[in-house]
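In UniProt numbering, the protein residues as written are 1 to 347.
Just so it is clear, CB atoms sit at the ideal spot from N, CA and C, and this is done for glycine as well.
Notes to accompany the following structure.
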Amino acid sequence: MSEPMPPAQQPQAPQQSQQPQQSPRDWWFTAHRRFSTIGSALAIMMVFWIGLNILATEALRTLLGTDVPAWAVLLASSGPLYVVAMPLSMLAFTRVPVIRTRQYPMKAGEFIQIFVMCIPVMFLGNMIGNILSAGATDGQATNRINDVILGSDWRVNALFIGLLAPVCEEWIFRKEIISRLRRYGEKTAIIFSALAFALFHMNVFQFFYAFGLGLMFGYVYTRTSRLRYSVAMHMLINLNGSVLAPLVIQQIDPRILDGTVSEAEIMRMAEAGNMGDMGIMMLYGTVMLGLCIAGIVLLITKRKSWEFYLAPEELPAGLKIRTAYANPGVIAYLLLTVMLTGWMLFA
1 MSEPMPPAQQ PQAPQQSQQP QQSPRDWWFT AHRRFSTIGS ALAIMMVFWI GLNILATEAL
61 RTLLGTDVPA WAVLLASSGP LYVVAMPLSM LAFTRVPVIR TRQYPMKAGE FIQIFVMCIP
121 VMFLGNMIGN ILSAGATDGQ ATNRINDVIL GSDWRVNALF IGLLAPVCEE WIFRKEIISR
181 LRRYGEKTAI IFSALAFALF HMNVFQFFYA FGLGLMFGYV YTRTSRLRYS VAMHMLINLN
241 GSVLAPLVIQ QIDPRILDGT VSEAEIMRMA EAGNMGDMGI MMLYGTVMLG LCIAGIVLLI
301 TKRKSWEFYL APEELPAGLK IRTAYANPGV IAYLLLTVML TGWMLFA
């Protein structure tokens, strides 16, 4: 990415539009219908996922009462999504043809640079989500995802959140969406994919950093046409948030974290060496701060080297929003996810 690819290595994207094969009106209706089909596929996925999740959760409560283990909660959510909802959505996805592109390897240095750029994007998005959630609910909102993560065994989090989620989510939101919509513009496909990915989380806490990371992952997939790179980045970020960070937090006396200890008692605990392993916490915090600063520097210095190529049926600027979002399928997905997000926030 730091150096432009020579013409022979550029993704297959003819400089001449393929619109002449149809009248302009027919071409636009085809594009409009395809975006609507993708939106419908996502809506179908959400309906089956939420419906089956509710049934599975109620079944667990009937069997186990209110004391449902965190691993069972994750299974009740992930199982219906990965085994039923996502595969069913493919019945609609496959109605939109895939545009074939050449695949390119990503050098280790490029991978590391983009991954480091993801760190400040994640932290900034997380900060915005927390502020808006607190403001909308007068500080009463709680991040249920964090509650589940902190209440689960790290091995369960590693399996469901660190491994399964990145593979399945990147498959749907990068490969299936971008591969089918990039014919109408790389930026259009990346933004559409990132927005769909952010809405999918149904959580204001996660919306903004999911959108930012979706842009980063979408760019990586568009430039390489290989899913492995965005999956790897997604895994590293999820493993950090669901496994590494909770393990670090567990090393600290919980009374210090929840603010129930006075300063005088903290001083006495420090003198007696009873504060937990603060050294690990400080080291982790220092590393993350360093990565965040490095990511900001890279985002600033590398911003002009990001490459986008002309798509076969590039949408004119004035038609992009109307075509991509003002259609029945996408509107249904937007309304469904926004309503569920609001319900999750205020429930």
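Environment of residue i [buried if 16+ CB atoms lie within 10 Å]
i: Ser305; result: exposed
i: Gly342; result: exposed
i: Ser23; result: exposed
i: Ile293; result: exposed
i: Pro316; result: exposed
i: Tyr229; result: buried
i: Tyr333; result: buried
i: Val167; result: exposed
i: Asn327; result: buried
i: Pro20; result: Residue confidence for Pro20 is low, a pLDDT of 45 falling below 50, so the modelled location carries little weight and cannot support an answer.
Expected contact under 8 Å - CB spacing of residue i and residue j to nearest Å
i: Tyr221; j: Arg174; result: 4 Å
i: Met281; j: Val231; result: Not quite, the Cβ-Cβ distance comes to about 29 Å (not below 8 Å), so this is no contact.
i: Ser77; j: Val330; result: About 24 Å; that fails the 8 Å criterion.
Within 8 Å, strictly: CB atoms of residue i and residue j
i: Ile114; j: Arg182; result: no
i: Leu298; j: Val116; result: yes
i: Gly135; j: Phe207; result: no
i: Ser193; j: Gly212; result: no
i: Glu169; j: Phe308; result: no
Pick from the options that is closest to residue i, judged by C-alpha positions
i: Ala72; options: His201, Gly135, Ala56 and Ile280; result: Ala56
i: Trp49; options: Gly79, Ala165 and Phe207; result: Gly79
i: Val47; options: Leu336, Tyr209 and Ser133; result: Leu336
i: residue 374; options: Arg226, Glu313 and Tyr284; result: In the structure as shown, the chain starts at 1 and stops at 347, and residue 374 therefore has no counterpart that could be examined.
i: Pro69; options: Cys118, Tyr333 and Gly151; result: Gly151
i: Ser242; options: Ala134, Asp147, Ala85 and Ser36; result: Asp147
i: Leu52; options: Met90, Met339, Leu75 and Thr66; result: Leu75
i: Thr142; options: Ala108, Asn203 and Met122; result: Asn203
i: Pro87; options: Val330, Ala43, Phe123 and Gly109; result: Ala43
i: Arg102; options: Gly39, Arg226, Ile145 and Gln250; result: Arg226
i: Val84; options: Pro120, Met45, Glu58 and Lys302; result: Met45
i: Arg155; options: Leu345, Ile131, Asn238 and Glu186; result: Asn238
i: Tyr184; options: Asp153, Ile321 and Lys107; result: Ile321
i: Leu340; options: Thr188, Gly139 and Leu199; result: Leu199
i: Arg180; options: Asp26, Ser77 and His32; result: His32
Bridge partner(s) assigned by DSSP for residue i
i: Ile145; result: Partner(s): none; Ile145 has no beta bridge.
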